[in-house]
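Q:
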Amino acid sequence: GNEIPEIKAYVEENIKTDQKSDMFGVAKNKNVIFINAESLQSFVINDEVNGEEITPFLNSLTEDEDTYYFENFYHQTEQGKTSDSEFLVENSLYPLSRGAVFFTQAQNEYHAMPEIMGKAGYNSVVFHANNKTFWNRDQMYESLDVDKFYGEEAYEVTEDNSVGWGLKDKPFFEQSIDHLQSLDEPYYSKFITLTNHFPFELPEEDRSIEPYDSNSATLNNYFPTVRYMDESIEQFFAQLKANGLYEDSIIVIMGDHYGISANHNRAMSQYLGEEEITPFDQTQLQRVPFFIHIPGHGKGEVRSEVSGQIDVKPTILNLLGIEHQNDIYFGNDLFSEDRKDYIALRNGDFISEDYIFASGICYDRQSGEQVKEESDDSIDSSLAEDSACTPIKKQVEQELGYSDDLIYGDLFRFMEFEK
Ligand code: GP9
Ligand code: MN
Numbered sequence: 216g217n218e219i220p221e222i223k224a225y226v227e228e229n230i231k232t233d234q235k236s237d238m239f240g241v242a243k244n245k246n247v248i249f250i251n252a253e254s255l256q257s258f259v260i261n262d263e264v265n266g267e268e269i270t271p272f273l274n275s276l277t278e279d280e281d282t283y284y285f286e287n288f289y290h291q292t293e294q295g296k297t298s299d300s301e302f303l304v305e306n307s308l309y310p311l312s313r314g315a316v317f318f319t320q321a322q323n324e325y326h327a328m329p330e331i332m333g334k335a336g337y338n339s340v341v342f343h344a345n346n347k348t349f350w351n352r353d354q355m356y357e358s359l360d361v362d363k364f365y366g367e368e369a370y371e372v373t374e375d376n377s378v379g380w381g382l383k384d385k386p387f388f389e390q391s392i393d394h395l396q397s398l399d400e401p402y403y404s405k406f407i408t409l410t411n412h413f414p415f416e417l418p419e420e421d422r423s424i425e426p427y428d429s430n431s432a433t434l435n436n437y438f439p440t441v442r443y444m445d446e447s448i449e450q451f452f453a454q455l456k457a458n459g460l461y462e463d464s465i466i467v468i469m470g471d472h473y474g475i476s477a478n479h480n481r482a483m484s485q486y487l488g489e490e491e492i493t494p495f496d497q498t499q500l501q502r503v504p505f506f507i508h509i510p511g512h513g514k515g516e517v518r519s520e521v522s523g524q525i526d527v528k529p530t531i532l533n534l535l536g537i538e539h540q541n542d543i544y545f546g547n548d549l550f551s552e553d554r555k556d557y558i559a560l561r562n563g564d565f566i567s568e569d570y571i572f573a574s575g576i577c578y579d580r581q582s583g584e585q586v587k588e589e590s591d592d593s594i595d596s597s598l599a600e601d602s603a604c605t606p607i608k609k610q611v612e613q614e615l616g617y618s619d620d621l622i623y624g625d626l627f628r629f630m631e632f633e634k
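Here is the structure:
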C-alpha cells in the first residue's frame with residue numbers, strides 16, 4: 216500500500232476542489248432514482264429516423280426546466296460493459312482495460328456511493344430483471360454495500376411480457392413501482408433496463424417506429440428498441456407521479472455504453488450522412504445521454520462541458536449535500552466551476568475542451584481537423600513530444616495507472632474514511 220500517499224497527493228492536486236458548487240445540497244434527503252439506459256447513445260437524441268423522432272420523451276427533457284442535459288457526456292466502459300458503467304458510477308474509478316472488474320476484483324474493499332450514502336441514512340437498492348449472477352452482481356454488490364438486489368425472481372416474467380434478454384422494460388418499470396413503494400426513505404435506487412440490448416429484438420406490436428434501412432440489421436433495429444425504451448421511461452415518470460413517488464425524488468438517466476459498435480460504421484456513416492467514420496467521429500459516437508431531473512427545480516438547461524461517467528459519483532453526492540472529504544476518486548462535480556477539463560477513455564484516448572485524442576491522432580475538438588504539429592516526427596500511434604495533446608495524454612496515463620493501482624492492490628483496504 217505504499218502508493219497511497221502518491222495517489223492521494225495526485226487526487227488532492229488534480230481532482231478535488233475546495234469550493235462547493237451552488238448546487239451543493241439542492242436535493243438533500245431526496246430519493247435518487249437512477250435509470251441505467253441500456254446501450255443508449257447520444258446521437259439519437261433530438262434526431263430522426265425515417266422522418267420520425269426517435270426519443271420524443273427524452274427530447275422533451277432536454278428542454279425541460281427541471282432537467283439538466285449533458286450533451287458532451289462520454290461513457291468510459293471497456294469489456295465489462297454495463298458492469299463497467301456501474302463501477303464508474305458507484306466509485307468514480309476507472310474500470311479495467313481487460314476483463315470485467317465486477318468479476319476479477321469483486322472481493323476488494325471499495326468506498327462506493329451506496330456505502331457513503333448509507334452513512335447518511337440512505338437505503339440502496341438495484342432493480343434489474345436478470346439473474347443476479349450475471350456480471351457477478353451478487354458478489355460485487357456486497358462489496359459495494361448495495362442493501363438489496365431485486366433480480367429476475369422479484370418479477371412476474373412470462374413469455375408474453377418478455378423479449379430477447381428477458382422482461383420488457385415497460386412491465387419492468389410497472390412491476391417495480393410496488394417494490395419502490397415498499398422501501399424506507401430516503402433511498403438510492405438503480406433501474407437497469409434490458410430491452411434496448413443487442414441484437415435489439417422487439418415484437419411488431421411494441422414497435423412505434425419502423426427500422427432504418429441499411430446493410431446493418433443491428434443499426435436498423437436499434438431505432439425501434441430505443442423508442443420503446445424512451446416510451447418506457449415516459450411511462451415510468453407518469454407512474455412515479457401517480458403513486459406519489461415523484462416529488463421527493465431526483466431522477467437521473469444515463470446511457471451505459473455504446474449499442475452500435477464500429478463494426479457497423481458503414482451503416483452508421485449512411486445514417487449520419489458522412490463519407491466515413493473517422494477516429495474523431497468514432498470518439499464522438501461514444502457520447503451517451505446524461506440527464507439530471509430535479510422536480511420543481513426550474514433552472515434546468517443543456518450543458519455542453521466535456522463530462523463522463525467518472526463524474527457521476529461526486530455530482531450526485533454533492534446534489535444530496537453529502538460530504539466525502541477523504542474519499543479517493545477521479546471525477547468532478549459537474550456543477551463545480553473548478554474541474555479538470557478532460558475525460559479519459561479507458562484505452563488512453565481522451566476528450567478535452569480543446570482536443571480529441573484518438574487512434575494516436577490529435578484533433579482539434581471544434582473543427583474535427585487533425586492538429587498540425589510543429590515537428591511532425593510522430594510515427595503511427597506515438598505522438599510527437601511537442602504535440603498539443605501530449606501533456607493531457609501523459610496525465611491520462613498517470614491517472615488510469617493510479618486507478619489500476621488502487622484496484623489491483625485492493626488499496627481501499629488500507630484507508631479509513633470519516634463517518
Ligand atoms: C445484463 C445487462 C446487460 O444483466 O446488464 O449487460 P451488457 O451486455 O450490456 O453488459
Ligand atoms: Mn449494457
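Take 216 as the starting number for the sequence shown in UniProt numbering and just add one per residue.
We put the beta carbon where it would ideally sit given N, CA and C, even for glycine.
Keep in mind the model is a prediction, meaning the values are calculated, not measured.
So, do the region 289-304 and the region 262-270 have three or more beta carbon pairs nearer to each other than 8 Å?
A: The region 289-304 is not in contact with the region 262-270.
Q: So, at 6 Å on beta carbons, what are the nonlocal neighbours of residue 454 in its own chain, with the 5 sequence-adjacent residues on each side left out?
A: As a working mapping, residue 454 is identified with position 239 in the sequence shown. For residue 454, where only same-chain residues beyond five positions count, the Cβ hits under 6 Å are 392.
Q: Going by DSSP, what residues sit across from residue 282 in a beta bridge?
A: Numbered from its first residue, the sequence shown carries residue 282 at position 67. Answer is 508, bridged to residue 282.
Q: Using only alpha-carbon positions, find the residue among 603, 563 and 460 that is nearest to residue 312.
A: Locating residue 312 in the sequence shown gives position 97, counting from the first residue. Residue 312 has its Cα closest to that of 563, out of 603, 563 and 460.
Q: Does the pairing of the region 227-243 with the region 434-446 give three or more beta-carbon distances under 8 Å?
A: Because the criterion of three Cβ pairs below 8 Å is not met, the region 227-243 and the region 434-446 do not touch.
Q: If residue 573 and residue 611 are in contact, beta carbons under 8 Å, what's the gap, nearest whole angstrom?
A: Here residue 573 corresponds to residue number 358 of the sequence shown, with the count starting at 1. Here residue 611 corresponds to residue number 396 of the sequence shown, with the count starting at 1. The pair is not a contact, with the Cβ atoms about 12 Å apart (cut-off 8 Å).
Q: Shorter than 7 Å, the distance from the beta carbon of residue 253 to the closest heavy atom of the ligand GP9, or not?
A: Locating residue 253 in the sequence shown gives position 38, counting from the first residue. At least one heavy atom of the ligand GP9 is nearer than 7 Å to the Cβ of residue 253, so yes.
Q: Which residue comes first and which comes last in the alpha helix (DSSP H) that contains residue 299?
A: Here residue 299 corresponds to residue number 84 of the sequence shown, with the count starting at 1. Looking at the DSSP string, the run of the alpha helix (DSSP H) that includes residue 299 is 296-306.
Q: Leaving out five residues on either side along the sequence, give the residues of the same chain with a beta carbon under 8 Å from the beta carbon of residue 399.
A: Residue mapping note: residue 399 aligns to position 184 of the sequence shown, counting from 1. Excluding positions up to five away in sequence, the list reads 338.
Q: Residue 257 to residue 474, Cα distance in whole Å?
A: Your numbering for residue 257 matches position 42 in the sequence shown. Your numbering for residue 474 matches position 259 in the sequence shown. About 11 Å.
Q: Who does residue 585 pair with in a DSSP beta bridge?
A: Locating residue 585 in the sequence shown gives position 370, where the first residue counts as 1. DSSP, once it has assigned bridges, lists 578 as partnering residue 585.
Q: Might you give, ordered along the chain, the residues of its own chain that have their beta carbon closer than 7 Å to the beta carbon of residue 261, omitting 5 neighbours on each side?
A: As a position in the sequence shown, residue 261 is number 46, starting the count at 1. The residues are 274 and 277.
Q: For residue 297, verify whether its CB is less than 7 Å away from any heavy atom of the ligand GP9.
A: Here residue 297 refers to the residue found at position 82 when the sequence shown is read from its first residue. Correct: residue 297 has its Cβ closer than 7 Å to the ligand GP9.
Q: Can you tell which of 571, 424 and 522 has the C-alpha that lies nearest to the C-alpha of residue 551?
A: Taking the first residue of the sequence shown as position 1, residue 551 is located at position 336. Residue 522 is the option with its Cα nearest to residue 551.
Q: Rounded to whole angstroms, what is the Cα-Cα separation between residue 545 and residue 390?
A: Within the sequence shown, the letter at position 330 stands for residue 545. Within the sequence shown, the letter at position 175 stands for residue 390. C-alpha separation (whole angstroms): 36 Å.
Q: List, from N- to C-terminal side, the alpha helix (DSSP H) runs of 4 residues or more that fit wholly inside the region 437-501.
A: DSSP runs (the alpha helix (DSSP H)) wholly in the region 437-501: 480-487 and 494-499.
Q: Identify whether residue 405 lies in helix, strand or coil by the three-state DSSP scheme.
A: Residue 405 sits at position 190 when you count from the first residue of the sequence shown. In this structure, residue 405 counts as strand in the three-state DSSP scheme.
Q: Nearest CA to the CA of residue 221: which residue from 356, 628, 617 and 476?
A: For the purposes of this step, residue 221 is taken as the residue at position 6 of the sequence shown. Cα-wise, what sits closest to residue 221 is 617.
Q: For residue 285, count neighbouring Cβ atoms within 10 angstroms of its own Cβ and tell me buried if that reaches 16, exposed if not.
A: Residue numbering aside, residue 285 sits at position 70 when the sequence shown is read from its first letter. Answer is buried; the Cβ neighbour count reaches 16.
Q: Short of 6 Å in beta carbon distance, which residues of its chain neighbour residue 556, apart from the five on each side in sequence? Order them along the chain.
A: The residue you call residue 556 lines up with position 341 of the sequence shown. Once the five neighbours on either side are set aside, the close Cβ partners of residue 556 are 567 and 568.
Q: Roughly how many whole angstroms lie between the Cα atoms of residue 365 and residue 495?
A: The residue given as residue 365 occupies position 150 in the sequence shown. The residue given as residue 495 occupies position 280 in the sequence shown. Going from the Cα of residue 365 to the Cα of residue 495 covers about 40 Å.
Q: With H, G and I counted as helix, E and B as strand and the rest as coil, what does DSSP make of residue 316?
A: Within the sequence shown, residue 316 is the residue found at index 101, counting from 1. DSSP places residue 316 in helix when its eight states are reduced to three.
Q: I need the straight-line Cα distance from residue 281 to residue 369, nearest angstrom please.
A: In the sequence shown, counting from the first residue as 1, residue 281 sits at position 66. In the sequence shown, counting from the first residue as 1, residue 369 sits at position 154. Rounded to the nearest angstrom, the two C-alpha atoms are 32 Å apart.
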